[in-house]
Amino acid sequence: MTNRSHIGPDPRTVRVRAVALGFTAFAAIGAAVLVADAAQQDGWQMWDAIRVGLILVTTGWLAWGAALALTGLWPHSARPAAVLPHDYGATAVLVPICNEDPVATFARIAAMDGSIRAEGLDLDIVILSDTRSAEGQAAEQAAFRMLISETQGAGRIYYRNRTDNRGRKAGNVEDFIRTSGGAYDYAVTLDADSLMSGASLREMIARMEADPKLGLLQTLPRIVGAGSLFGRAMQFASAFHGPVFTRGLERMQGSTGPYWGHNAIIRVGAFAQSCGLPELSGRPPFGGHILSHDYVEAALLARGGWRVVADSGIDGSFEEGPENVLAYAKRDRRWCQGNLQHSRLILAPGLAGWSRYVFVQGIFAYVVSVLWAAFLIVTVAGTAFAPEPNYFPDQYQLFPVFPSDRSREITALALGIIGMLIMPKVAIWITSSLSGRAHRFGGAGRAAGSVVCDILLTSMLAPVMLAFQTRAVLQVVSGQDGGWPAHARGEGALTLGQAARASGWIALLGLGALVITAQLSPGLMPWLLPVTLPMMAAPILISWSSQPVRGRLFAVPEEADVPEVVARYRAVHDKWTAAIAPAAPAAVEGQHVPA
Amino acid sequence: MNDMTKVNATAATLSDDPSAWAPPEAPVDMPRQVLETTGLRFDLAALLRVLMPRQRT
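Which chain is which? The protein sequence lines are A and B, in order.
So in the working numbering, the last spot in the first sequence is 664, and the numbers never skip.
So in the working numbering, the last spot in the second sequence is 103, and the numbers never skip.
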């Protein structure tokens, strides 16, 4: 089916997009002009043309991120809560799992079931297992019996194990819709680490009931339960900065918003009609089944004439995040392959222009790391191979002509780039302090401390992330399929040895870059130290940031006022783990549901 | 029987057969979507033939 009936953006959305794109173009062109102007001083070379092109694209990407945050700074006007009708549509809460810790996963389901019943809702919960090992299946079946005993949920909580794992998570959900979708009007899609309160589910169903053209409603899950420095920094960023960035996205999305694959509600009929995913021709990483299926499903719903909307204002939606850089990089490798695979779909027939743009944006999120690395290499090469300045360009010249010094402009460019990275976070802190929102993060002073530490930590880790992402892109482009690596949720602190084994190559790369720069262009060394030093210290940074931390740094509201569904989960989990011997870990099969 | 199954022996209302725990069947058609545009596939060989007609043998 390739019918093209997507809903066009309203005039306000078009205006917001135009302003954001205009700001991005202005910043990118301004940076490119500065670099081109500086390059002309010692004669235009091939390196300069490449450098100008790279700074245009990379600065444009940074400016786009800043535009997204600035667009989301002002809050939404108050919207009356949608009222759930008495005869609301039948709804299933879907929990696709594959080789998860059954005790933690099923304890979350018990907590959600309790919260759903406390809200007076009548919903089904369906566990969709793709676990293949007999041992893993037995552990899940035992945990399911425990769940039914805890909730008295027989008849409303279901479990099925799929014998054919085709299509992984997308195929798992599709299998449910093909087999049982006719019994439900709506389905809430979750991940194994998702938690949603009954109140949030009530609001989501009410919103679907109120808007018959709404095909998908995506919430912004908050990270909970982080214990390490890295995890807590991500948890803080998701709570403090995340809603503002998402609000910016909401203002630009029109009817073609995002789907992140979990903590969202779908209209089953619309999804069945629009989202049967084909396998792409050819072999992975670009062919085969679609890895980042959620972006594609959002685009297909929009193509089918359904509204796809993200709403950061729905409270009670939670997930867990990676606890260390290596877990983050592992997840990123999978997302990188999925996003680059979307290059096959940019020209898919009938898609809304914004959906195509979202694909390009997703690809760029990873390719930009390669471009930054290329910019640094070209800068060193361009400086090293620059011709000697000609102080006497004319034959009969009495006084030498010195090249014009453009270091002031280049410093301004560097500060501008740093400013675009930091400005959105500072702006979010200022508006949060003025509105009183920062009070929930321990007050304006404590929130400022958390923002500063977040900026310092992300700045130190940025070159390390850049190295991991560059490697991921090069692996995918060279045809290496990353597969479906198992995810160890709740993975803990890393020793220096563990970190060094995974990131020693980054340390060597940083050292090599520094030595080469010292040989070729010593004057550039101070400029490259902010990149090369963190790379050389990668094992230390990765191990240090994975350690558990205590204290009030990176405080989030969910710590002072634990949400009801999170408290329920912790109580059930504690009760179950105390009642049983530790369950045998599920066997790793190289398959896992993406977060 | 492992420790977990011992604890959960109280789930008496549940069938012993895990295949009976599946949700009710209510099949829905889910047509495969068309995503690839074969007409726009980049054909390097064809492009080279157009650009360098004299190279034909």
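The beta carbon of each residue, even a glycine, is placed where N, CA and C say it ideally should be.
In this text the structure is predicted, and so the values were computed from the model without any measurement.
Spatial neighbours of A/Y397 in its own chain (CB-CB distance under 6 Å, excluding positions within 5 residues in sequence) are listed in chain order as P391.
Shown here, A/T564 sits in coil according to DSSP, grouped into three states, outside any helix or strand. In the structure shown, A/L142 falls within a coil segment according to DSSP collapsed to helix, strand and coil. Residue environment: A/H411 is assigned as buried (16 or more neighbouring CB atoms within 10 Å of its CB, all protein chains considered). Cβ atoms of A/A239 and A/I359 come within 8 Å of each other, at about 7 Å. Within the DSSP bridge table, the entry for A/P165 names A/L197 as partners. Contact with chain B is found for A/S350, since one of that chain's Cβ atoms lies less than 8 Å from the residue's Cβ.
A distance below 8 Å between beta-carbons, with the five flanking residues on each side excluded, links A/V521 to no residue of its chain. Interface annotation, B/D63: not in contact with chain A, CB-CB separation never under 8 Å. Annotation: A/M529 to A/I486 spans about 16 Å, alpha carbon to alpha carbon. Excluding sequence positions up to five before and after A/A587, its CB lies within less than 7 Å of the CB of M594, all in the same chain and listed in chain order. If you compare the alpha carbons of A/I575, A/L482, A/L597 with that of A/A101, the shortest gap goes to A/L482. Using a Cβ-Cβ cut-off of 8 Å, A/S74 does not count as an interface residue toward chain B, since no Cβ of chain B sits closer than that to its own. Pairing A/T160 with A/A261 gives a Cβ-Cβ distance that is not under 8 Å. The beta-carbon separation of A/A421 and A/H75, rounded to 4 Å, stays under the 8 Å limit for a contact. Judged by DSSP in its simplified three-state form, A/F510 adopts helix. Counting C-beta pairs closer than 8 Å gives fewer than three between the region 149-157 of chain A and the region 321-332 of chain A, which falls short of the contact rule. The beta carbon of A/W133 sits closer than 6 Å to the beta carbons of T93 from its chain, once the five residues preceding and following it are set aside; these are given in chain order.
With respect to A/S614, A/V437 sits apart: the two C-beta atoms are not nearer than 8 Å.
Positions of the alpha helix (DSSP H) runs, each at least 4 residues long and wholly inside the region 593-651 of chain A, are given as 594-605, 607-614, 626-629, 633-648 in order along the chain. Of the candidates A/Q221, A/V85, A/A450, A/V85 places its Cα closest to the Cα of A/G141. The bridge partners DSSP lists for A/N230 are A/S198. Chain order gives the chain B residues near A/I246 as V74, M76, where near means a beta carbon separation below 9 Å. As a beta-bridge residue in DSSP terms, A/Y255 pairs with A/T160, A/R336. Taking CB atoms only, A/V195 has a neighbour in chain B less than 8 Å away. For the set A/T258, A/S266, A/A105, the Cα lying nearest the Cα of A/S184 is the one of A/S266. Around the beta carbon of A/V377, 16 or more other beta carbons sit within 10 angstroms, so the residue counts as buried. Using a Cβ-Cβ cut-off of 8 Å, A/A118 does not count as an interface residue toward chain B, since no Cβ of chain B sits closer than that to its own.
In this structure, A/I274 sits near A/Y157, with a CB-CB distance shorter than 8 Å. For A/K282, the closest of A/E319, A/L289, A/I335 by C-alpha to C-alpha distance is A/I335.
C-alpha of A/Q342 to C-alpha of A/V121: approximately 46 Å in a straight line.
Taking C-beta separations shorter than 6 Å and ignoring five residues to either side along the sequence, the partners of A/S501 in its chain run A507, following chain order.
The alpha-carbon of A/V162 is positioned some 21 Å away from that of A/A640.
Under a 10 Å Cβ-count criterion, A/M115 is classified as exposed, with fewer than 16 other Cβ atoms of the shown protein chains found around its own Cβ. By the CB criterion at 8 Å, A/I524 and A/I491 fall inside the cutoff. For A/I217 against A/I194, the beta-carbon gap comes to about 11 Å, at or over 8 Å, which does not count as contact.
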